[in-house]
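Undergrad: This is the structure I want to talk about, given as structure tokens.
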Ligand SMILES: NC(=O)c1ccc[n+]([C@@H]2O[C@H](COP(=O)([O-])OP(=O)(O)OC[C@H]3O[C@@H](n4cnc5c(N)ncnc54)[C@H](OP(=O)(O)O)[C@@H]3O)[C@@H](O)[C@H]2O)c1
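Residue numbers (this note's numbering): 1 to 269.
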């Protein structure tokens with residue numbers, strides 16, 4: 001039985017992964033902002049063979065991440081997997097309490113920050129791993145450090161790839177710094193989940209209609225397989241929905257180090 005933290009597990013692809021993982025008898029701890037959705041998820045999962053818990057957390061701020069980590073460190077002695085499925089989709093130039101854009105804060109930085117704080121629990125596992133959901137981006141994306149990490153003014157088209165590429169760099173950083181931790185970035189595909197809820201209906205319809213959609217269970221196939229199977233390479237990118245095929249991440253190490261040092265500076269972790 002594995003103990004799996006599913007950040008963003010109260011809805012969408014994270015909840016579907018939690019369904020499949022508890023059906024296999026694993027123990028999941030769900031994190032999400034909305035406590036009502038968390039309780040509804042628990043009610044649904046209670047008939048499964050595996051155990052499920054929920055912790056409400058706002059991972060868009062440094063203090064929210066720290067509070068969640070503190071609660072988890074106090075109540076758990078180990079995590080085998082951290083599965084990051086948190087995400088927002090916002091185009092407006094809005095800012096969190098820390099002055100960051102929520103797309104950066106939630107879809108990348110909180111993953112770095114939370115994982116760093118929970119490394120002591122991952123190190124207790126025989127086979128620890130960190131799995132991060134993202135969307136497809138080119139693997140030769142370059143980070144503009146004049147623009148990263150404040151992204152002022154926020155331009156989604158210009159910022160998106162660099163923000164999501166943070167996950168890839170963090171996977172490589174984990175490979176280089178944490179001997180036993182497997183790290184992967186997974187393309188989430190295009191599934192009709194709550195992530196589209198903040199968008200005006202027309203934009204949402206255009207975006208969802210522009211490419212071939214897949215089902216939510218299809219988006220969960222790779223994340224679940226990476227949670228339960230031990231034989232895969234780190235640090236890897238899993239780009240094709242439903243196919244257990246990966247590309248070994250071969251990134252510019254100076255860029256990885258620079259990005260990680262910026263994240264350390266911002267979060268202190
Ligand atoms: N669905 C797609 O087509 C698609 C495409 C590309 C990438 N992705 C990625 O796939 C992952 C899963 O998304 P999804 O499609 O399953 O969407 P979703 O149903 O909206 O799930 C997103 C999750 O993130 C949580 N979350 C958002 N802001 C948070 C915050 N400040 N603090 C804590 N939790 C927060 C949400 O919790 P609350 O609801 O409680 O806020 C929810 O559980 C995300 O990383 C997303 O970027 C999805």
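The beta carbon of each residue, even a glycine, is placed where N, CA and C say it ideally should be.
Give me the DSSP bridge partner(s) of residue 207.
TA: According to DSSP, residue 207 bridges with nothing at all.
Undergrad: For a quick check, are the C-beta atoms of residue 80 and residue 125 less than 7 Å apart?
TA: In contact: residue 80 and residue 125 (Cβ atoms closer than 7 Å).
Undergrad: For the alpha helix (DSSP H) that residue 134 lies in, which residues bound it at each end?
TA: Unbroken run through residue 134 is the beta strand (DSSP E), 129-134; no alpha helix (DSSP H).
Undergrad: Can you check the region 210-253 for any beta strand (DSSP E) of at least 3 residues that lies completely inside it and give the ranges in chain order?
TA: With a minimum length of 3 residues, the continuous beta strand (DSSP E) runs that stay inside the region 210-253 are 236-238.
Undergrad: Any idea if residue 211 is buried or exposed, counting beta-carbon neighbours within 10 angstroms, 16 or more meaning buried?
TA: With fewer than 16 other Cβ atoms within 10 Å, it is exposed.
Undergrad: So, for residue 256: in the same chain, excluding its five sequence neighbours on each side, which residues have a beta-carbon less than 7 Å away from its beta-carbon?
TA: Cβ within range, chain order: 169, 172 and 173.
Undergrad: Is DSSP giving residue 100 helix, strand or coil here?
TA: Three-state result, residue 100: coil.
Undergrad: In the DSSP assignment, find the unbroken beta strand (DSSP E) run with residue 84 in it and report its ends.
TA: Here the beta strand (DSSP E) through residue 84 covers 81-84.
Undergrad: What residue from 245, 34 and 116 has the CA that sits closest to residue 70's CA?
TA: It is 116.
Undergrad: Could you compute how far the alpha carbon of residue 43 sits from the alpha carbon of residue 145?
TA: So the alpha carbons of these two residues sit roughly 45 Å apart.
Undergrad: What do you reckon, is the C-beta of residue 92 under 6 Å from a heavy atom of ligand 1?
TA: Answer for residue 92: no, Cβ out of range of ligand 1.
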